[in-house]
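Engineer: Residue numbers (this note's numbering): 1 to 424.
Glycine is no exception: its CB is placed at the ideal position from the N, C-alpha and C atoms.
Quick caveat, the model's predicted, so the values are computed rather than measured.
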Ligand code: BGC
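1. Which one of 150, 91 and 336 has the shortest CA to CA distance from residue 51?
2. Name the two residues that bound the continuous alpha helix (DSSP H) containing residue 361.
3. Determine the extent of the beta strand (DSSP E) in which residue 27 is found, giving its start and end residues.
4. Rounded to whole angstroms, what is the Cα-Cα separation between residue 45 and residue 402?
5. Could you give the distance in angstroms between the alpha-carbon of residue 333 and the alpha-carbon of residue 312?
6. Report the residue from 49, 136 and 272 whose alpha carbon sits nearest the alpha carbon of residue 93.
7. Taking all protein chains shown into account, do 16 or more other C-beta atoms lie within 10 angstroms of the C-beta of residue 210, making it buried, or fewer, making it exposed?
8. Output yes or no for whether 7 Å exceeds the beta carbon distance between residue 25 and residue 113.
9. Since residue 423 sits in a beta bridge, which residues does DSSP pair it with?
10. Decide if the region 114-132 is in contact with the region 65-81; the criterion is three or more beta carbon pairs, one per stretch, under 8 Å apart.
11. With a threshold of 16 other CB atoms inside 10 Å of the CB of residue 252, please say whether the residue is buried or exposed.
12. Give the DSSP-derived three-state secondary structure of residue 20 in the structure shown.
13. CB of residue 156 to nearest heavy atom of the ligand BGC: below 6 Å?
14. Distance check for residue 168 and residue 11, CA to CA, integer angstroms please.
15. Quick one: residues in its chain with C-beta nearer than 6 Å to the C-beta of residue 69, no 5 flanking neighbours on either side, listed in chain order?
16. If you draw a straight line from the alpha carbon of residue 284 to that of residue 127, how long is it in whole angstroms?
17. For the candidate residues 118, 97, 86 and 89, whose alpha-carbon lies nearest to that of residue 80?
18. Do you know offhand how far residue 387's Cα is from residue 31's?
19. Which residue marks the beginning of the beta strand (DSSP E) containing residue 283, and which one marks its end?
20. Take the Cβ of residue 177 as the centre, count every other Cβ of all protein chains shown within 10 Å, and call the residue buried at 16 or more, exposed below.
21. Pair every Cβ in the region 321-339 with every Cβ in the region 351-370, then say whether three or more of these pairs are closer than 8 Å.
22. So within the region 79-119, which uninterrupted beta strand (DSSP E) runs reach at least 3 residues, ignoring any that extend past its ends?
23. CA-CA distance, residue 301 and residue 374?
24. Using only the heavy atoms of the ligand BGC, determine whether one of them is closer than 6 Å to the beta carbon of residue 11.
25. So, with DSSP's three-state summary, where would you put residue 202?
26. Taking its Cβ as the centre, do 16 or more other Cβ atoms sit within 10 Å of residue 435, making it buried, or is it exposed?
27. Figure out for me which residue from 98, 242, 273 and 231 has the closest Cα to the Cα of residue 248.
28. Would you kindly report the start and end of the unbroken alpha helix (DSSP H) that includes residue 270?
29. Identify every run of the alpha helix (DSSP H) within the region 316-343, keeping only runs that are complete inside it and at least 4 residues long; order them along the chain.
30. Ignore the nearest five residues each way along the sequence and tell me which others in residue 155's own chain have a CB closer than 6 Å to its CB.
31. Sorry if obvious, but does the Cβ on residue 320 come closer than 6 Å to a heavy atom of the ligand BGC?
32. Give the straight-line distance between the Cα atoms of residue 265 and residue 125, rounded to the nearest whole angstrom.
33. Verify the contact flag: residue 14, CB atom, against every heavy atom of the ligand BGC, threshold strictly below 6 Å.
34. Considering only C-alpha positions, which residue in the set 391, 305, 390 and 409 is nearest to residue 352?
35. Look at residue 474 and residue 282 and say whether their C-beta atoms are less than 7 Å apart.
36. Taking the alpha carbon of residue 256 as the point to measure from, which residue in 59, 305 and 241 has its own alpha carbon closest?
Next up, the structure:
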């Protein structure tokens with residue numbers, strides 16, 4: 001079966017994970033702290049701030065027609081209300097490189113990292129943050145709007161909720177123990193209150209009072225949604241033709257007998273609670289890596305499912321994507337798979353993961369579900385947050401000593417699918 005004409009075939013990255021030297025961001029400051037929650041600091045990352053031209057050309061050469069990347073707020077607005085013409089010129093060059101290579105850009109405005117000053121002012125629990133975020137988005141789109149056909153305001157706006165659910169369930173101790181949180185064993189064993197406390201404590205040294213995006217509180221939830229709504233309005237005002245959406249991390253929540261009610265509660269917390277803010281969006285970005293299985297006693301840790309685990313400790317379960325697409329289809333919003341991928345040292349498993357995941361996309365399309373693109377996470381082996389550079393999600397390997405790129409077979413496999421606009 002062929003995919004619809006104009007289907008976007010791409011790979012994704014995020015600024016902090018690939019650019020290098022993101023010194024004005026809150027994560028950079030956190031990484032430098034004594035006893036940091038990070039396996040290693042991001043450092044030069046993949047030097048993508050300098051090497052973006054060759055990286056984008058490589059994606060085009062492979063056969064992809066799209067690239068999802070993020071613009072770094074900390075670079076564009078290094079201090080409150082002061083915008084950097086140099087940073088804006090840089091992102092103009094990145095966007096122009098995409099267009100020159102026949103690559104449709106999809107731009108994320110916030111991918112986990114914030115300017116350090118924002119976090120010091122209270123970050124994602126401060127009532128002024130939505131207005132500040134919208135002002136930054138407005139500036140970016142006044143300058144660059146005509147070059148950006150698709151914009152994602154906030155990456156995985158529901159990540160704080162998910163972390164909280166995992167911790168509440170005890171699953172945080174295994175599935176996501178070091179993964180999403182990467183906070184290390186001692187903190188994840190503590191439960192949500194202690195965890196919030198220790199995160200705040202860890203930040204206190206250099207980022208007084210700040211709360212970065214992984215906010216667990218109801219106040220934080222409302223602030224994130226308001227930031228999305230205001231940002232969408234600011235983007236539309238500056239660049240009416242740009243299509244705007246949000247991205248959500250969505251696991252396929254599956255119930256075993258007796259787990260139905262709890263499974264529904266988990267899904268609502270991750271998804272349904274976010275629906276009011278999506279009213280007025282042009283699309284929704286689906287980010288999926290695996291499933292959650294819920295039994296009568298709650299979430300069953302992936303390690304207990306006796307199945308293949310990825311480098312992240314997630315279950316190898318690419319079928320999850322189809323489950324999520326079918327569930328979200330009810331909103332009527334067009335969907336892009338803005339992230340789907342696997343961390344593995346065995347590249348044959350990556351190709352197989354992609355093949356099985358895309359089989360699910362095909363079946364969803366055949367049933368009339370509106371999916372418009374697929375972005376593999378990630379284009380490059382990159383900085384996997386608190387886990388550092390150990391997990392390898394990339395289609396392309398990066399030697400960080402030389403910054404030499406090596407294309408993996410899975411990249412050619414996905415590129416072939418993109419060229420044919422069909423899996424086989
Ligand atoms: C995030 C990425 C991250 C990926 C793999 C997503 O939650 O958007 O930044 O690297 O998952 O863990």
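Structural biologist: In short, the structure shows the following:
1. Nearest of 150, 91 and 336 to residue 51, Cα basis: 91.
2. Unbroken alpha helix (DSSP H) run through residue 361: 347-366.
3. Here residue 27 belongs to no beta strand (DSSP E); instead the alpha helix (DSSP H) covers 26-32.
4. C-alpha separation (whole angstroms): 12 Å.
5. Residue 333 and residue 312: Cα-Cα distance of roughly 30 Å.
6. Comparing Cα positions, the closest option is 49.
7. Any reading at residue 210 is ruled out, since the residue's pLDDT is 47, under 50, leaving its predicted position unreliable.
8. Contact check for residue 25 against residue 113 passes: the beta carbons are separated by less than 7 Å.
9. Residue 423 pairs with nothing; no bridge assigned.
10. Enough Cβ pairs lie closer than 8 Å, so yes.
11. Buried, because 16 or more other Cβ atoms sit within 10 Å of the Cβ of residue 252.
12. Reduced to three states, the DSSP call for residue 20 is coil.
13. At least one heavy atom of the ligand BGC is nearer than 6 Å to the Cβ of residue 156, so yes.
14. Those two C-alpha atoms are separated by around 33 Å.
15. The beta carbon of residue 69 lies closer than 6 Å to those of 13 in the same chain, with the five residues before and after it left out.
16. So the alpha carbons of these two residues sit roughly 25 Å apart.
17. The option with the nearest alpha carbon to residue 80 is 118.
18. Roughly 11 Å between the two C-alpha positions.
19. 283-288 is the span of the beta strand (DSSP E), which, as asked, contains residue 283.
20. Because the pLDDT of residue 177 is 36, which lies under 50, any placement of that residue in the model is unreliable, and the number read from its coordinates should be weighed accordingly. The residue is buried, with at least 16 neighbouring Cβ atoms inside 10 Å.
21. They touch, by the three-pair rule.
22. Complete beta strand (DSSP E) runs here, min 3: 104-110.
23. As the crow flies, the alpha-carbon of residue 301 is around 28 Å from that of residue 374.
24. No, the ligand BGC has no heavy atom inside 6 Å of this Cβ.
25. Low confidence applies to residue 202: its pLDDT is 45, below 50, so where it sits in the model is not reliable enough to give any reading.
26. One cannot answer for residue 435 here, as it falls past the ends of the chain, which runs 1 to 424.
27. Among 98, 242, 273 and 231, the Cα nearest to that of residue 248 is on 273.
28. Going by DSSP, residue 270 is part of the alpha helix (DSSP H) stretching over 260-270.
29. Complete alpha helix (DSSP H) runs here, min 4: 320-328.
30. Apart from sequence neighbours up to five positions away, the residues of its chain that approach residue 155 with a beta-carbon distance below 6 Å are 108, 111 and 247, ordered along the chain.
31. No, since every heavy atom of the ligand BGC falls outside the 6 Å radius drawn around the Cβ of residue 320.
32. Those two C-alpha atoms are separated by around 24 Å.
33. For residue 14, the Cβ falls inside the 6 Å cut-off from some heavy atom of the ligand BGC.
34. The shortest Cα separation from residue 352 among 391, 305, 390 and 409 belongs to 409.
35. This structure cannot speak to residue 474, because the chain is shown only from 1 to 424.
36. Per the Cα distances, 305.
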